Amino acid sequence: MSWTPPPTRPVAAALVLALSLLTGCAAQGAPDPAPSATGEPEGSRGRLAWGAYVADDGEESSDLDVVTEMTGRPLDYVHLFAATGDDVPLAALDDARARGATPLVTLEPWEPGQGVDQPGYALARVADGDHDADLERWAAALADQDGPVLLRFAHEMNGDWYPWAVGVNGNTADDYLAAWAHLRDVLDAAGASRVQLVWAPNVPLDGASDDVAAAFPGPDAVDVLGLDGYNWGDGDGHAWEDPDELFGPGLAMLDALDGDRPVLVTEVASVEGPGPEDKARWVGDLVDLLATTPGVVGLVWFQTVKERDWRLNSTQASQEALRTALG
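Those letters in the sequence shown? Residues -29 to -1, 1 to 298, by mature numbering (1 follows the signal peptide of the UniProt record, and there is no 0).
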């Protein structure tokens, strides 16, 4: 189906156009878009798109309309998480489009809440087709979408906290590549030509970027490069990290892997620091870093209280900092 970006959303429209201009694994059969004025990702021109994940917890700060009001800018992305066995969140996808946003769906091959030890979801099992009933159901539903969907599959594969991670449940980097290729085949078979696949590692841990690179499916198999990173602050084995410390190595790694694909920071948040303005300053520095890094198109904030209070409105100062920085 054809799709016309809403005329009142120039940033989102430019981003979707930038993504579609980059030939990717899921773009076969889609109509050729008109060329953009510059042909460059939006982030390289200084203004970032932004989005948010909000928890379904009933809190006012988890309402998408309230989050939009916090920054004074409509959401360009709405981030949704789902396990492969879950129902496809059609109502949430429709709601994202109704507000002019592009859905970013993180699809997780596991049973949520069952921990890391889930050999039934080892990557080799995914690649061998053991979960095809679920994958085919998702592919068919996404093929029916009226616009693009960013699909982030098996993210943070370089950590050790998910059953699909390399080194967990016997998974190897080759297993990850095979599972990724299998998902592509399922999407292609369903005609899901509007799906853009997002490959999103965590920021490199202990500088182990070589391990991350081994699980990169390659430029012909990825549409968008993602990156997740959190400033956990001091304590519990963590230390405060400024944005350039946290994201600099990962952004450099992504550029070395494929400097032509757009980069989207798919998860980001920070705790408050010991000083009342520390998080506000961190937020401003983050936007400055990303807006001046070629190829970076946007960021997606993790707007919830989980291990920490990650919300952008944890204080009024941090909320105003993001509002000012996004412009």
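The beta-carbon is built from N, C-alpha and C at its ideal position, and this holds for glycine as well. Note that this is a predicted model, so its numbers are computed, not measured.
- Under DSSP, the beta-bridge partners assigned to T77 are F52, R123.
- Looking from the CA of D57, the closest CA among L46, D36, D105 belongs to D105.
- Straight-line spacing of the CA atoms in A288 and A251 works out to 6 angstroms.
- In summary, H209 is exposed, with fewer than 16 beta-carbon neighbours lying within 10 Å of its beta-carbon over all protein chains present.
- A residue is called buried once 16 or more other Cβ atoms fall within 10 Å of its Cβ, and A160, having fewer, is exposed.
- Proximity of the stretch 268 to 277 to the stretch 230 to 247 meets the contact definition, three or more beta-carbon pairs being nearer than 8 angstroms.
- Exposed is the label assigned to W132, since fewer than 16 other Cβ atoms lie within 10 Å of its Cβ.
- In the displayed model, Q287 falls within a helix according to three-state DSSP.
- The stretch 171 to 249 contains, as complete beta strand (DSSP E) runs of 3+ residues, the segments 195 to 202, 234 to 241 (chain order).
- Contact annotation: V195 and W170 have beta-carbon atoms nearer than 9 angstroms.
- Per the coordinates, the alpha-carbon of G255 lies some 26 angstroms from the alpha-carbon of R70.
- DSSP places A163 outside any beta strand (DSSP E), giving it a letter other than H or E.
- Comparing C-alpha distances from A111 to each of A296, G189, L61, F124 shows the shortest one belongs to L61.
- In summary, G204 is buried, with 16 or more beta-carbon neighbours lying within 10 Å of its beta-carbon over all protein chains present.
- A direct Cα-to-Cα measurement between A223 and L217 gives close to 12 angstroms.
- With distances taken between CA atoms, D99 lies nearest to W151 out of D66, A72, W151, L113.
- By the neighbour-count criterion, in which 16 or more other beta carbons inside 10 Å mark a residue as buried, G197 falls on the buried side.
- As the crow flies, the alpha-carbon of A292 is around 14 angstroms from that of V38.
- If you draw a straight line from the Cα of L257 to the Cα of D47, it is about 18 angstroms long.
- About 30 angstroms separates the CB atoms of W135 and W211; that is not less than 8 angstroms, and the two are not in contact.
- When DSSP states are grouped into helix, strand and coil, G266 belongs to the coil group.
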